[in-house]
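From first to last, the protein sequence lines are chains C and A.
Take the first sequence: its position 75, counting from 1, is numbered 75 in my numbering, and each next residue is one higher.
Here my numbering = 1-based position in the second sequence + 109.
Using N, Cα and C, we set each Cβ at its ideal position, and we do this for glycine too.
The model shown is predicted, which means the values in this text are computed figures rather than measured ones.
Below is one structure; the comments refer to it alone.
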Amino acid sequence: ELKVEQNPLFLSMQEGKNYTIYCNYSTTSDRLYWYRQDPGKSLESLFVLLSNGAVKQEGRLMASLDTKARLSTLHITAAVHDLSATYFCAVFQPNDMRFGAGTRLTVKP
Amino acid sequence: DAGITQSPRHKVTETGTPVTLRCHQTENHRYMYWYRQDPGHGLRLIHYSYGVKDTDKGEVSDGYSVSRSKTEDFLLTLESATSSQTSVYFCAIRPTGLNYGYTFGSGTRLTVV
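As structure tokens, then:
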């Protein structure tokens with residue numbers, strides 16, 4: 001059974017700092033997603049990573065995928081308050097998408 | 110999201126009553142999903158559909174049933190609601206093409222008292 005582990009689960013950062021969220025998964029998959037969720041809101045798709053070594057960047061967020069290590073990272077550069085949200089990774093398997101527990105990120109001034 | 114709507118947005122119901130949640134899409138996608146979100150668990154798949162009248166169970170399907178009589182509508186029914194089914198329920202569609210993440214509805218917050 002596919003298991004997806006995110007860490008940390010809670011992250012408090014100061015503005016301007018860098019940090020990385022990790023997503024480990026237990027079985028082979030060819031697709032990994034990152035989502036953002038603001039409190040009380042739905043999930044917003046951030047990145048879709050389709051192959052080993054894939055790297056995607058949007059603004060201060062950069063996601064990468066290492067399928068051999070079964071590891072994806074979401075790197076935050078020079079954090080700003082607007083990035084405060086919960087971030088989920090999700091691993092695709094046929095007819096399902098298995099989510100990590102989420103990382104609640106708080107960026108403080 | 111503009112292409113997927115859920116109703117109701119909030120519902121409070123009593124233990125033992127049946128409850129139906131509705132998901133409606135306007136984009137004719139084949140795959141639709143129902144997830145529940147609980148603190149510490151991320152989202153967990155309840156049921157999914159891969160076409161009209163084609164549905165299957167997900168990770169946490171006990172106590173739930175679904176129906177899909179039209180491409181655009183996917184219904185989730187709690188046959189006899191229990192307090193453990195208090196949760197936020199999200200419907201999702203899988204867009205065509207590999208480069209797109211799933212699109213989620215706005216969610217239904219269900220409280221069983």
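Contact check, A/T114 vs A/H133, beta carbons under 8 angstroms: One-based indexing of the second sequence puts residue 114 of chain A at position 5. One-based indexing of the second sequence puts residue 133 of chain A at position 24. Yes.
In DSSP terms, what A/K120 is bridged to: Start at 1 with the first residue of the second sequence, and residue 120 of chain A comes out as number 11. A/K120 pairs with A/L219.
Min CB distance A/D171 to chain C below 8 angstroms: Position 62 of the second sequence, counting from 1, holds the residue named residue 171 of chain A. Answer no: the Cβ-Cβ gap between A/D171 and chain C never drops below 8 angstroms.
Close Cβ partners of C/M62 (< 6 angstroms) along its chain, the five nearest in sequence each way excluded: As a first step, residue 62 of chain C must be located in the first sequence, where it is residue number 62. Around C/M62: H75.
A/G216 and A/F199 closer than 8 angstroms at C-beta: Sequence index remark: in the second sequence, residue 216 of chain A carries index 107 (1-based). Sequence index remark: in the second sequence, residue 199 of chain A carries index 90 (1-based). In contact: A/G216 and A/F199 (Cβ atoms closer than 8 angstroms).
Under 8 angstroms between C-beta atoms of C/S84 and C/V48: Stepping through the first sequence from its first residue, residue 84 of chain C is reached at position 84. Stepping through the first sequence from its first residue, residue 48 of chain C is reached at position 48. Taking 8 angstroms as the Cβ cut-off, C/S84 and C/V48 do not qualify as a contacting pair.
CB contact check: A/V178 to chain C, cutoff 8 angstroms: As a position in the second sequence, residue 178 of chain A is number 69, starting the count at 1. The question names Val, yet the displayed sequence has Ser at residue 178 of chain A. No, because no Cβ of chain C sits closer than 8 angstroms to the Cβ of A/S178.
Expected contact under 8 angstroms - CB spacing of A/T191 and A/T124 to nearest Å: Start at 1 with the first residue of the second sequence, and residue 191 of chain A comes out as number 82. Start at 1 with the first residue of the second sequence, and residue 124 of chain A comes out as number 15. So it is a contact: roughly 6 angstroms between Cβ atoms.
Within chain A, partners of C/D96 - CB distance below 9 angstroms: Residue 96 of chain C sits at position 96 when you count from the first residue of the first sequence. Y142, L154, Y157, G167, E168, listed in chain order.
Backbone secondary structure at A/D110 - three-state DSSP: Within the second sequence, numbered from 1, the residue matching residue 110 of chain A stands at position 1. Residue confidence is low: A/D110 scores 48 on pLDDT, short of 50, so the model does not pin down where it sits. Its coordinate-derived value is still stated next. DSSP places A/D110 in coil when its eight states are reduced to three.
For C/T77 and A/K179, the rounded distance between their alpha carbons: The count along the second sequence starts at 1 and reaches residue 179 of chain A at position 70. The count along the first sequence starts at 1 and reaches residue 77 of chain C at position 77. Going by the C-alpha atoms only, they are around 45 angstroms apart.
Paired residues, beta bridge with A/E136 - DSSP: Translated into positions along the second sequence, residue 136 of chain A becomes position 27. None; A/E136 has no bridge partner.
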